[in-house]
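What follows is a set of notes on a single structure, which appears directly below.
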Amino acid sequence: MKRPLSVALSCVLSCSAFAALPLAATAQTAAASAERPEVKAAAAQVKADVIAWRRDFHQHPELSNREERTAAKVAEHLRKLGLKPRTGIARHGVVAIIEGGKPGPKIALRADMDALPVTEQVDLPFASKATANFRGETVGVMHACGHDAHTGILLGIADALVAMKKDLPGQVMLVFQPAEEGAPADEEGGASLMLKDGLFKDFKPEAMFGLHVFSTLSAGQLGVRQGPLMAASDRFTIKIKGRQTHGSAPWAGVDPIVAAADVIGSAQTIVSRRTNIAKLPAVVSFGAIKGGIRYNIIPDDVEMIGTIRTFDEGMRQAIFKDLKNVAEHVSAAHGAHAEATVPDQDGNPVTYNDPALTARMLPSLKAVAGDANVVEMPLVMGAEDFSYYAKEVPAMFFFVGATAPGVDAATAPSNHSPKFKLDESSLDVGLRAMLQVTLDYLHGAKAAG
-2 MKRPLSVALS CVLSCSAFAA LPLAATAQTA AASAERPEVK AAAAQVKADV IAWRRDFHQH
58 PELSNREERT AAKVAEHLRK LGLKPRTGIA RHGVVAIIEG GKPGPKIALR ADMDALPVTE
118 QVDLPFASKA TANFRGETVG VMHACGHDAH TGILLGIADA LVAMKKDLPG QVMLVFQPAE
178 EGAPADEEGG ASLMLKDGLF KDFKPEAMFG LHVFSTLSAG QLGVRQGPLM AASDRFTIKI
238 KGRQTHGSAP WAGVDPIVAA ADVIGSAQTI VSRRTNIAKL PAVVSFGAIK GGIRYNIIPD
298 DVEMIGTIRT FDEGMRQAIF KDLKNVAEHV SAAHGAHAEA TVPDQDGNPV TYNDPALTAR
358 MLPSLKAVAG DANVVEMPLV MGAEDFSYYA KEVPAMFFFV GATAPGVDAA TAPSNHSPKF
418 KLDESSLDVG LRAMLQVTLD YLHGAKAAG
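My numbering numbers the first residue of the sequence shown as -2 and each following residue consecutively.
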């Protein structure tokens, strides 16, 4: 989930039953009203393996565009299944096609593989001790967003589909994607680079599905929403240049630290006073500030990076303009100079669930979790580069509850937290839900209204 600049996901604190969906989406026939027996059987067969894979990936996390070990393990297992994975797509992406024994649709399933620059604070026998270099610093590395679970689940689904491929209609593309959390600032990566590298050149699916474990849902719950689901995500960089001087004589220089503090404070008015959040929500957050090295030296410059989240393109562009304006003019008022790059690279579009596809597959989710445990998500300010696929083909992205029963999901450590803790029962629920969706779609389950 986007991006290294952590955005609190605590906005997703309450979910209601799917009553808000249009009547046509809820008045379904019984086409997919029961969990398929082959789904239950396959999930039981691969359960131990999925847990083992997830724990292995968790113990050996890798940052965006650095997923060498993870990609190698994935490709190795796919080859053992008799598949012929393509590797090296978008640096470390792995893609394989499962050919069903009968004619039918083409679909794609996606899992992301990268971890975050977060030092784990969860007491687990397989906790990460890994470190890496990130933005010039040595940092801990952790699967604080749950991509280890996604990769393990999709490997389990690969096992299940290969075992039943003789009777499987159609073809299934398995997409193991690197760099969902965002490539380093000077690199390309993630879903956009997968597409640029020709992911859909020879295989264009008619539908694509993805899932994400989510701390604000309890294990056993599934969450989904028609239309806009997750926000557009953009990064920005603001470098404020002053003039170095001794801390005892600030009047002899230009203090970029004071200017940066004023920029941060003034930037809060962009959303609170200049953006019509009665229309749709928006967020501007600063994620890191770096400047100076010694307590008694005022530095030459300060660099700040952050994120912008929006659901409306007009609001998105207006916030870009406002932030650049604030940075430049507030800095100038201090005698400093701001270089504001807003945004500093291509961001993610809004993650959009095709309404018809979501309505069609809703009974599949309910078949696995039960009506009461499938909830409608509010708009989520977190972002996902799955959004790029959803711009190319009809797509559905859904959430899998990750917080242990008995723990308040509203206050549990969120995704991206060093204390994020996945309840492993979510692996089984996520696998069954994705497999049910896959089989129902391939076998032609239709929504009726």
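Idealized CB from N, CA, C, for every residue including glycine.
Given the structure is predicted, the values throughout are model-derived calculations rather than measurements.
- About 7 Å separates the beta carbon of V36 from that of L436, a gap short enough to meet the 8 Å contact definition.
- At a Cβ-Cβ threshold of 8 Å, L165 and G97 count as neighbours.
- Take F206, set aside five residues on each side of it, and the residues of its chain with a beta-carbon closer than 6 Å to its own are L106, M393, V434, in chain order.
- Fully enclosed alpha helix (DSSP H) runs of no fewer than 4 residues occupy 383 to 389, 422 to 439 of the region 355 to 439, in order along the chain.
- The DSSP-derived three-state label of A204 is strand.
- Contact check for S263 against V323 passes: the beta carbons are separated by less than 8 Å.
- With 16 or more other Cβ atoms inside 10 Å of its own Cβ, T67 counts as buried.
- Residue range 90 to 96 is occupied by the beta strand (DSSP E) that includes V92, with no alpha helix (DSSP H) assigned at that position.
- Residue environment for P100: exposed (fewer than 16 other C-beta atoms within 10 angstroms of its C-beta).
- Pairing F283 with G149 gives a Cβ-Cβ distance that is not under 8 Å.
- The shortest CA-to-CA distance from R51 to any of D109, V372, A337, G133 is the one to D109.
- R33 sits in coil when the DSSP states are folded into three classes, being neither helix nor strand.
- The three-state secondary structure of D109, taken from DSSP, is strand.
- D111 has its alpha-carbon roughly 10 Å from the corresponding atom of H89.
- Per the DSSP secondary-structure output, P225 pairs in a beta bridge with Y349.
- For S328, DSSP assigns no beta-bridge partner whatsoever.
- An exposed status is given to K126, since fewer than 16 other beta-carbon atoms sit within 10 Å of its beta-carbon.
- A direct Cα-Cα distance of roughly 33 Å separates A72 from V377.
- Annotated three-state conformation of E73 is helix, per DSSP.
- For H334, the enclosing beta strand (DSSP E) begins and ends at 334 to 338.
- Within 10 angstroms of the beta-carbon of N273 lie fewer than 16 other beta-carbons, which makes it exposed.
- Shown here, M161 sits in coil according to DSSP, grouped into three states, outside any helix or strand.
- Residue nearest to V260 within the set G379, K363, E336, A39 is E336 (criterion: CA-CA distance).
- Note on Y386: 16 or more other CB atoms within 10 angstroms of its CB, so buried under the neighbour-count rule.
- Looking at A40, L158, D368, the one whose alpha-carbon comes closest to that of Q218 is D368.
- The three-state secondary structure of L152, taken from DSSP, is helix.
- About 7 Å separates the Cβ atoms of A146 and S423, confirming a contact at the 8 Å cut-off.
- According to the DSSP assignment, T304 belongs to the beta strand (DSSP E) that extends over 298 to 307.
- In this structure, the alpha-carbon of G289 lies about 19 Å from that of G303.
- The beta carbon of G79 lies closer than 8 Å to those of V159 in the same chain, with the five residues before and after it left out.
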